[in-house]
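Residue 0 is where the sequence shown starts when you use numbering that gives the first Met the number 0, and the numbers rise one by one after that. Just so it is clear, CB atoms sit at the ideal spot from N, CA and C, and this is done for glycine as well. None of the values given here were measured: they were computed from a predicted structure.
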Amino acid sequence: MPIKKNVLNALLLIALITFALWFALHDDYQQVIENIKAIPIWLVFIVCGLGITYYLLQGYVISQCAKIYKKDIRVIDGIQNAYVAAFFNGVTPVGGGQVAQSFALKQIGMKIPDIASTLWMDFFMFQIVVIIYAALMLLFNLEFVFGNIMLYFPFIVAGWLINSAVIVALWLMTKFPNFFIKLTTKIINLLHKIRIVKEPEETAKKWKLSLEYFHSEIIKLKTRKKLLVKGILCNIIRMTIFYSIPYVIALGYNMPFDAIDVLHIIAISSFVHMLNALTPLPGDTGFTETMFILMYAVVFHDYAKPIMIIWRLATYYINIIIGACVLFYFRIKGAKAKSDDIYQQ
0 MPIKKNVLNA
10 LLLIALITFA
20 LWFALHDDYQ
30 QVIENIKAIP
40 IWLVFIVCGL
50 GITYYLLQGY
60 VISQCAKIYK
70 KDIRVIDGIQ
80 NAYVAAFFNG
90 VTPVGGGQVA
100 QSFALKQIGM
110 KIPDIASTLW
120 MDFFMFQIVV
130 IIYAALMLLF
140 NLEFVFGNIM
150 LYFPFIVAGW
160 LINSAVIVAL
170 WLMTKFPNFF
180 IKLTTKIINL
190 LHKIRIVKEP
200 EETAKKWKLS
210 LEYFHSEIIK
220 LKTRKKLLVK
230 GILCNIIRMT
240 IFYSIPYVIA
250 LGYNMPFDAI
260 DVLHIIAISS
270 FVHMLNALTP
280 LPGDTGFTET
290 MFILMYAVVF
300 HDYAKPIMII
310 WRLATYYINI
320 IIGACVLFYF
330 RIKGAKAKSD
340 DIYQQ
């Protein structure tokens, strides 16, 4: 069953990548390819470096969160964990990345409750920055949005609301834990009646423990002000780098931009990120590329397609390959550990 599921995921990913490339090239593929060739190779390396930096910063934040529970954790461990997440988020639907992250942290000796706390802290700080960043971009670019990309405005807001709903739900859980425990118990009992949940008492008990644990960890996070400031600052830098990549690529075409154009470019990048919340596709492949081209056509015009291809290379494909290498390393390391255990016995 897992093999069949992996094959289906791989086929879906190939189909989505094929669609994305077709959408970018079907009208004027020769011109698009010529435009890609016109970009200096050194700039492509810089852009790929920026895409990698995004995950290096994530890895640093993960290592700082995990250090509370495992003092000897290294920054490289956090970076490896970030790339494991990058790979699984890129090739599987929603949720694959965090499961893989949990497994990777467990392999370096962390306990399950500590892993859950580490990943929640990392997610919480990241999500806070993302929704505030997008809200500010929308607020300061309303005239541009209404005048140029009004068609996508409802979907941008919908994506922002979905991202915000997660944080709001987490905040409500910390304020009203007992209410959520009662609510989840009722939902579990309802699911038991329609034969979706088999053991309602045991499931409710696990949910109760999880909510109580999460509540206590969020309270602790408020007292860890140094970590909170460090994590939020790193994520602000991380998202600024990520959202600025299309602008850096556009510099290769010597396009004349003023300060307000740069703000619009960064804003559109954050809007594309918000729109990704509307799709459960692996790596949001196909959807992301399409929305990038449609929205950036307003400022990049004919260069939107080649810029998208280079942007996707730097932010997705390169990091998927690195993630696959890290995963391969973990598998070899795991196999070697088992071999050593057998030898010692």
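Residue of 81, 249, 206, 38 minimising C-alpha distance to residue 323: Here residue 323 corresponds to residue number 324 of the sequence shown, with the count starting at 1. The shortest Cα separation from residue 323 among 81, 249, 206, 38 belongs to 81.
- prompt: Given that a residue counts as buried once 16 or more other Cβ atoms are within 10 Å of its Cβ, and exposed if not, what is residue 304?
  reply: Here residue 304 corresponds to residue number 305 of the sequence shown, with the count starting at 1. That one is buried.
task: Within its chain, find whatever has a CB closer than 6 Å to the CB of residue 65; leave out the 5 residues flanking it on each side and keep chain order.
output: As a first step, residue 65 must be located in the sequence shown, where it is residue number 66. Within the same chain, residue 65 has close Cβ partners 72, 117.
- request: Determine, using beta carbons only, whether residue 217 and residue 169 come nearer to each other than 9 Å.
  value: Mapped onto the sequence shown, residue 217 falls at position 218. Mapped onto the sequence shown, residue 169 falls at position 170. Contact: yes.
message: By the DSSP assignment, the alpha helix (DSSP H) with residue 65 in it spans what residues?
response: For the purposes of this step, residue 65 is taken as the residue at position 66 of the sequence shown. Counting along the chain, the alpha helix (DSSP H) containing residue 65 begins and ends at 40-65.
Distance CB(residue 237)-CB(residue 128) smaller than 9 Å: Locating residue 237 in the sequence shown gives position 238, counting from the first residue. Locating residue 128 in the sequence shown gives position 129, counting from the first residue. A contact, by the Cβ cut-off of 9 Å.
field: Through-space distance from residue 156 to residue 150, alpha-carbon basis
entry: The residue given as residue 150 occupies position 151 in the sequence shown. The residue given as residue 156 occupies position 157 in the sequence shown. The alpha-carbon atoms of residue 150 and residue 156 are separated by roughly 12 Å.
message: Tell me which residues share the same chain as residue 314 and place their Cβ nearer than 6 Å to its Cβ, disregarding the 5 neighbours each side in the sequence.
response: Here residue 314 is taken as the residue at index 315 of the sequence shown, counted from 1. Here the set comprises 50.
message: For residue 231, which residues in the same chain have their Cβ closer than 8 Å to its Cβ, ignoring the five residues on either side in sequence?
response: Here residue 231 is taken as the residue at index 232 of the sequence shown, counted from 1. Cβ neighbours of residue 231 beyond the five flanking positions: 124, 127, 128.
- request: Using only alpha-carbon positions, find the residue among 38, 318, 54, 119 that is nearest to residue 213.
  value: The residue labelled residue 213 in the question sits at position 214 within the sequence shown. Nearest of 38, 318, 54, 119 to residue 213, Cα basis: 119.
message: If the criterion is Cβ atoms closer than 9 Å, does the pair residue 248 and residue 55 meet it?
response: Sequence index remark: in the sequence shown, residue 248 carries index 249 (1-based). Sequence index remark: in the sequence shown, residue 55 carries index 56 (1-based). No.
task: Could you pull out every unbroken alpha helix (DSSP H) segment of at least 4 residues lying fully inside the region 70-120, listed in chain order?
output: 74-90, 95-106
- request: Under 8 Å by Cβ, that's how I've got residue 298 and residue 264 pegged, so tell me the actual separation to the nearest angstrom.
  value: Mapped onto the sequence shown, residue 298 falls at position 299. Mapped onto the sequence shown, residue 264 falls at position 265. About 6 Å; that satisfies the 8 Å criterion.
query: To the nearest whole angstrom, what separates the beta carbons of residue 188 and residue 199, a pair I think is in contact under 8 Å?
result: Locating residue 188 in the sequence shown gives position 189, where the first residue counts as 1. Locating residue 199 in the sequence shown gives position 200, where the first residue counts as 1. Sure, about 5 Å apart at Cβ, within 8 Å.
- request: Could you check what DSSP says for residue 343 in three-state terms: helix, strand or coil?
  value: Working through the sequence shown from its first residue, we reach residue 343 at position 344. In this predicted model, residue 343 has a pLDDT of only 43, less than 50, meaning its place in the structure is not dependable enough to derive any value.
message: One question on the structure: do residue 111 and residue 69 come within less than 9 Å of each other, judged by their Cβ atoms?
response: By 1-based counting over the sequence shown, the position of residue 111 is 112. By 1-based counting over the sequence shown, the position of residue 69 is 70. Contact flag unset, no.
message: Residues in the same chain with beta-carbon distance under 8 Å from residue 59, minus the five sequence neighbours each way, listed in chain order, please.
response: What you label residue 59 is simply residue 60 of the sequence shown in a count that begins at 1. Hits under 8 Å: 74, 77, 78, 233.
- request: Going by CA-CA distance only, name the one from 291, 101, 185 that's closest to residue 207.
  value: Walking along the sequence shown from the start, residue 207 turns up at place 208. The option with the nearest alpha carbon to residue 207 is 185.
query: With C-beta atoms as the reference, is residue 84 less than 9 Å away from residue 97?
result: Here the question's residue 84 lines up with position 85 in the sequence shown. Here the question's residue 97 lines up with position 98 in the sequence shown. Yes, they are a contact pair.
message: Using C-beta distances below 8 Å, list every residue in its chain close to residue 244, excluding the 5 sequence neighbours before and after it, in chain order.
response: In the sequence shown, the residue the question calls residue 244 occupies position 245. Once the five neighbours on either side are set aside, the close Cβ partners of residue 244 are 46, 49, 50, 268, 310, 313, 314.
- prompt: So is residue 220 buried or exposed if we call it buried at 16+ other beta carbons inside 10 Å?
  reply: The count along the sequence shown starts at 1 and reaches residue 220 at position 221. Residue 220 is buried by the Cβ-count criterion.
Same chain, Cβ closer than 8 Å to residue 255, neighbours up to 5 away in sequence not counted: Start at 1 with the first residue of the sequence shown, and residue 255 comes out as number 256. Cβ within range, chain order: n/a, list empty.
message: For residue 278, report the span of its alpha helix (DSSP H) as first-last.
response: Numbered from its first residue, the sequence shown carries residue 278 at position 279. No alpha helix (DSSP H) holds residue 278; DSSP gives it neither H nor E.
query: So residue 250 is in the alpha helix (DSSP H); what residue range does that whole segment cover?
result: In the sequence shown, counting from the first residue as 1, residue 250 sits at position 251. Segment 224-250, the alpha helix (DSSP H) holding residue 250.
query: When we look at the beta-carbon of residue 121 and count the other beta-carbons within 10 Å, is it buried (16 or more) or exposed?
result: Here residue 121 refers to the residue found at position 122 of the sequence shown. That one is buried.
task: Determine the closest residue to residue 328 out of 103, 57, 90, 52, with distance taken between C-alpha atoms.
output: Taking the first residue of the sequence shown as position 1, residue 328 is located at position 329. The shortest C-alpha separation from residue 328 is found at 103.
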